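Residue numbers (the numbering used here): 3 to 412.
Here a beta-carbon is modelled for each residue, glycine too, at the ideal position from N, C-alpha and C.
Since this is a predicted model, take the numbers as computed values, not measurements.
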Ligand SMILES: Cc1cc2nc3c(=O)[nH]c(=O)nc-3n(C[C@H](O)[C@H](O)[C@H](O)COP(=O)(O)OP(=O)(O)OC[C@H]3O[C@@H](n4cnc5c(N)ncnc54)[C@H](O)[C@@H]3O)c2cc1C
């Protein structure tokens with residue numbers, strides 16, 4: 003008679019992305035018998051496309067003592083423990099051990115010199131060193147918990163383990179395999195999911211008010227962008243990019259994680275310049291068109307589009323009234339605009355929201371449901387642009403693997 007009993011493992015990790023690969027490798031190297039399962043054809047597609055194909059794998063500016071500076075979620079302090087126990091320096095040391103060349107770009111962001119493939123190969127090698135069994139593509143049809151632990155029905159047969167790690171990520175970029183699997187499993191076991199929403203995502207605008215700016219697609223400039231009420235205002239100094247449908251670029255991606263539907267953004271298009279003072283000075287000595295004066299601080303296409311909004315601004319600066327100049331300067335440095343929406347999960351780099359951190363241990367990422375763990379983006383922890391999301395994936399995976407080893411070997 004053929005043996006039809008399910009294969010047994012110490013832990014089954016579902017999702018072979020950043021967090022799942024890293025967790026499986028460490029747990030395997032700590033002596034656990036690990037199965038890693040993923041439904042996608044190709045391994046770690048998100049790492050492959052990350053950082054423009056070069057993977058912004060961490061950020062040197064991350065301060066685990068102040069996680070709220072670079073992470074959001076209902077409890078931005080939840081990630082402190084994992085981030086403190088596995089730091090950017092720890093991951094950099096691993097990257098160096100694998101001989102992967104990298105460089106720092108902007109504000110502490112570290113990128114591979116060659117390609118994201120280097121990091122995927124490194125993670126697969128770490129899994130190999132841990133003797134991890136890797137089934138991919140493999141679909142998980144059901145997850146049940148009974149007296150003998152967890153039993154999973156998969157497209158490659160039934161498997162059993164005392165622990166299951168959910169590392170299936172968020173909802174962004176469904177065409178490369180993103181699903182709500184993790185959220186559904188959380189709900190199946192009675193764990194709350196904080197309403198997911200697209201984050202690090204371009205914002206869209208429509209209607210007549212946007213018409214003067216639609217022609218600016220492709221234009222980029224440094225700005226200060228802010229959202230929120232005065233007391234809790236969040237601001238970023240980054241580049242803004244005009245697109246066909248609205249705004250993108252690092253400034254907008256960063257602010258999008260904090261922006262709430264129906265609320266305005268405030269953009270200073272000439273940060274650092276006292277535009278009212280400068281224009282009033284120019285009035286005394288120049289006969290140039292106002293658009294040409296403005297073009298000293300911003301690209302001329304933007305200066306033209308901006309002055310085109312009001313006939314009082316379409317004249318030589320020396321002929322413009324003081325009030326018109328002050329109004330132009332005021333609106334230019336505090337451009338208030340209400341996005342109609344976002345480009346959605348199709349374009350979002352991450353998903354904000356996810357499994358409620360109140361249901362998880364910050365030490366091990368185990369949930370209130372014993373033996374069920376959640377790591378990476380599926381959790382309600384969202385990092386800023388710049389390598390913070392990968393560092394959360396590495397750190398939460400590391401904390402989970404340590405927790406698994408401590409529990410399963412005791
Ligand atoms: C275009 C883009 C660029 C990015 N660039 C960066 C960057 O440079 N730096 C940075 O820090 N972050 C970046 N991010 C974010 C980063 O990629 C994610 O935060 C990170 O990959 C999350 O890791 P994870 O392991 O939780 O999820 P993922 O890496 O998304 O892995 C989840 C895995 O689970 C699998 N899965 C999903 N559903 C199922 C299911 N039902 N059954 C089985 N398997 C399933 C998926 O196939 C996938 O392999 C980028 C994201 C995008 C979209």
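Closer than 6 Å by C-beta to residue i: which residues in its own chain qualify, once you throw out the five before and the five after it? Chain order, please.
i, result
"residue 397", "84, 85, 88"
"residue 110", "61, 62, 63"
"residue 288", "319"
"residue 239", "226"
"residue 231", "none"
Cβ of residue i within 8 Å of any heavy atom in ligand 1?
i, result
"residue 45", "yes"
"residue 393", "yes"
"residue 321", "no"
"residue 75", "no"
"residue 378", "yes"
"residue 206", "no"
"residue 170", "yes"
"residue 48", "yes"
"residue 390", "yes"
"residue 278", "no"
"residue 307", "no"
"residue 185", "no"
"residue 40", "yes"
"residue 17", "yes"
"residue 141", "yes"
"residue 174", "yes"
"residue 254", "no"
"residue 364", "no"
"residue 258", "no"
"residue 180", "yes"
"residue 128", "no"
"residue 352", "yes"
"residue 22", "yes"
"residue 385", "yes"
"residue 117", "no"
"residue 51", "yes"
Among all the DSSP beta bridges, which residues are the ones paired with residue i?
i, result
"residue 155", "144, 160"
"residue 375", "167, 368"
"residue 13", "36, 165"
"residue 338", "268"
"residue 200", "353"
"residue 45", "Answer by DSSP bridge pairing: none, since residue 45 is not bridged."
"residue 111", "61"
"residue 292", "BP columns for residue 292 are empty, so no partner."
"residue 237", "228"
"residue 250", "243"
Taking 8 Å as the cut-off, is the beta-carbon of residue i closer than that to any non-hydrogen atom of ligand 3?
i, result
"residue 57", "Absence of ligand 3 from the depicted structure is noted, with ligand 1 being the only ligands included."
Buried or exposed for residue i, please, with buried defined as at least 16 other CB atoms from any protein chain shown within 10 angstroms of its CB.
i, result
"residue 176", "exposed"
"residue 69", "buried"
"residue 265", "exposed"
"residue 256", "buried"
"residue 258", "buried"
"residue 101", "exposed"
"residue 370", "exposed"
"residue 118", "buried"
"residue 130", "exposed"
"residue 159", "exposed"
"residue 194", "exposed"
"residue 41", "buried"
"residue 56", "buried"
"residue 52", "buried"
"residue 250", "buried"
"residue 313", "exposed"
"residue 403", "buried"
Excluding five sequence neighbours on each side, which residues of the same chain lie with their C-beta closer than 8 Å to the C-beta of residue i?
i, result
"residue 82", "66, 67, 69, 364"
"residue 221", "243, 244, 301, 303, 304"
"residue 190", "145"
"residue 326", "312, 314, 315"
Quick one: what's got a C-beta closer than 7 Å to residue i's C-beta in the same chain, skipping five residues either side?
i, result
"residue 290", "318, 319"
"residue 133", "30"
"residue 150", "162"
I'd like to know whether the C-beta of residue i is nearer than 9 Å to at least one C-beta of chain C.
i, result
"residue 325", "Checking the listed chains, one finds no chain C in this structure; it contains a single protein chain."
### Query
Would you call the segment 70 to 77 and the segment 400 to 411 touching, i.e. three or more CB-CB distances under 8 Å?
no
### Message
Quick check: the segment 138 to 146 against the segment 154 to 165, are at least 3 beta-carbon pairs closer than 8 Å?
### Response
yes
### Query
Are the segment 8 to 15 and the segment 27 to 38 in contact at 8 Å, needing three or more beta carbon pairs?
With the rule of 3 Cβ pairs closer than 8 Å, the segment 8 to 15 counts as touching the segment 27 to 38.
### Query
Looking at C-beta atoms only, is the number of pairs between the segment 275 to 283 and the segment 320 to 339 that lie closer than 8 Å three or more?
yes
### Query
Do the segment 159 to 177 and the segment 337 to 350 make contact, defined as three or more Cβ pairs closer than 8 Å?
Three or more pairs of CB atoms, one per stretch, sit closer than 8 Å, so the segment 159 to 177 contacts the segment 337 to 350.
### Task
Please confirm if the segment 241 to 257 is in contact with the segment 177 to 194, defined as three or more CB-CB distances below 8 Å between the two stretches.
no
### Message
So, does the segment 349 to 362 touch the segment 198 to 217, judging by three or more C-beta pairs under 8 Å?
### Response
yes
### Query
Between the segment 36 to 56 and the segment 360 to 376, do at least 3 Cβ pairs fall closer than 8 Å?
no
### Message
Does the contact criterion of 3 or more C-beta pairs under 8 Å hold for the segment 215 to 232 versus the segment 374 to 385?
### Response
no
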